[in-house]
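Single-structure report; data block below.
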Amino acid sequence: MQVNILAGGYPDLWPTDIFDQPGVWIGADRGAWRLLKAGVNFQLAVGDFDSLNPQEYQFLKEHFQQENIKQVPTVKDFTDTQLALQMAMTFDCDLIKVYGATGGRVDHWLSNLWIINEPVFQPIIEKVHFVDCQNDISYLQPGYKTIQHLPGMKYLGFMPLGLVDNLHIIDAKYTLTSAVNWPKMWSSNEFVDELVHVSFDSGIIMVTQTKDRSNDDSSSSN
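Per our numbering, the sequence shown starts with residue 1, numbered consecutively.
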């Protein structure tokens, strides 16, 4: 089963097939209002809804089951995306895709990408993907891991979230053997075949599969 979360990020960063996804939907803050406006069936709405004006929030309450709206105080310990991920954990799912969580304010973007480092999300580390029109961001726990090339993506990157021991990038275009890795983005790697294998002994690694927005290789910034 797949759970999809729509956060409040800008629609121009959504992939074109966003609403073709299987599974159930959760709206986080303004994401819930956007799901409603798009005519998408969704199960839960969560957040402080401070990004909605009073008319928009009233529209949400009038057109969505109020018992499934989980409003929290603006002053809280968790972001709206964190709360949506916690709700996703209550479903028996093997994949969680989060949309609308990149772009915009850099503090929100970085907060979202580092969420998975929190102990509460340990059970779903390898289930979560943050997705937009250029990027698919996933996470790996220690071991010997296989990464499948996603259609349309050109570049492959790896970033330890904290200390990672004995990292090996085995069969990508650029291989790596490194005993100890602090947070550093190993970017602009590429697939040689459809699979890349990595191994490491401790920590969490963020994996990025990306493409230039113009699909023009010459527009790469690296």
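Even glycine gets a Cβ: it sits at the ideal position worked out from N, Cα and C. Here the structure is a predicted model, which means the values were calculated and not measured.
Practice item. Report back the beta-carbon spacing between Ala45 and Lys70 to the nearest angstrom; my notes put them in contact at under 8 angstroms. Key: 7 angstroms
**Study point:** Minimum C-alpha distance to Ser138 - residue among Thr208, Ser51, Trp25
**Key:** Thr208
**Study point:** 3 or more residues per run - each beta strand (DSSP E) lying fully within the region 81-114
**Key:** 95-99
Check your understanding: Hey, how far is the Cα of Thr177 from the Cα of Glu118?
Key -> 27 angstroms
Check your understanding: The beta strand (DSSP E) with Gly31 in it runs from where to where?
Key -> From DSSP, Gly31 is part of no beta strand (DSSP E) but of the alpha helix (DSSP H) over 30-38.
Practice item. Indicate whether Val131 and Tyr99 have their beta-carbon atoms separated by less than 8 angstroms. Key: yes
Check your understanding: Can the beta-carbon of Gln148 be found less than 8 angstroms from the beta-carbon of Leu195?
Key -> For Gln148 and Leu195, yes; Cβs fall inside 8 angstroms.
Exercise for review: Apply the 10 Å Cβ neighbour rule to Ser218 and answer buried if 16 or more other Cβ atoms are within range, or exposed otherwise.
Suggested key: Reliability of the predicted coordinates at Ser218 is poor, the pLDDT of 40 falling under 50, and no value is obtained from them.
Exercise for review: Out of Asp92, Pro151, Gln134, Leu85, state which residue places its alpha-carbon closest to the alpha-carbon of Trp114.
Suggested key: Leu85
Review point. Which residues bound the beta strand (DSSP E) around His168?
Key: 164-169
Practice item. Output the distance between the C-alpha atoms of Asp224 and Trp14, rounded to the nearest integer angstrom. Key: The question about residue 224 has no answer here: the residues shown for the chain are numbered 1 through 222.
Check your understanding: What residue from Met89, Asp165, Pro151, Val106 has the CA that sits closest to Pro123's CA?
Key -> The residue with the shortest Cα to Cα distance from Pro123 is Met89.
Point to revise | Spatial distance of Asp201 from Val128 (CA atoms) | key: 21 angstroms
Exercise for review: Count the other C-beta atoms from every protein chain shown that fall within 10 angstroms of the C-beta of Pro160, then say buried if there are 16 or more, exposed otherwise.
Suggested key: buried
Practice item. Would you check if the distance between the CB atom of Met185 and the CB atom of Gly203 is smaller than 8 angstroms? Key: no
**Study point:** Presumed contact (8 angstroms Cβ cut-off) between Ala7 and Thr74, rounded CB distance
**Key:** Not confirmed; about 16 angstroms, so no contact.
**Study point:** Cβ-based neighbour list, Met1, same chain, cut-off 7 angstroms, excluding 5 preceding and 5 following
**Key:** In its chain, beyond the 5 residues on either side, Gly23, Phe91, Asp92, Cys93, Asp94 have a beta carbon closer than 7 angstroms to the beta carbon of Met1.
Check your understanding: Can you name, in chain order, every residue of its own chain whose Cβ lies under 7 angstroms from the Cβ of Phe49, other than the five neighbours on each side?
Key -> The residues are Asp29, Tyr57, Gln71.
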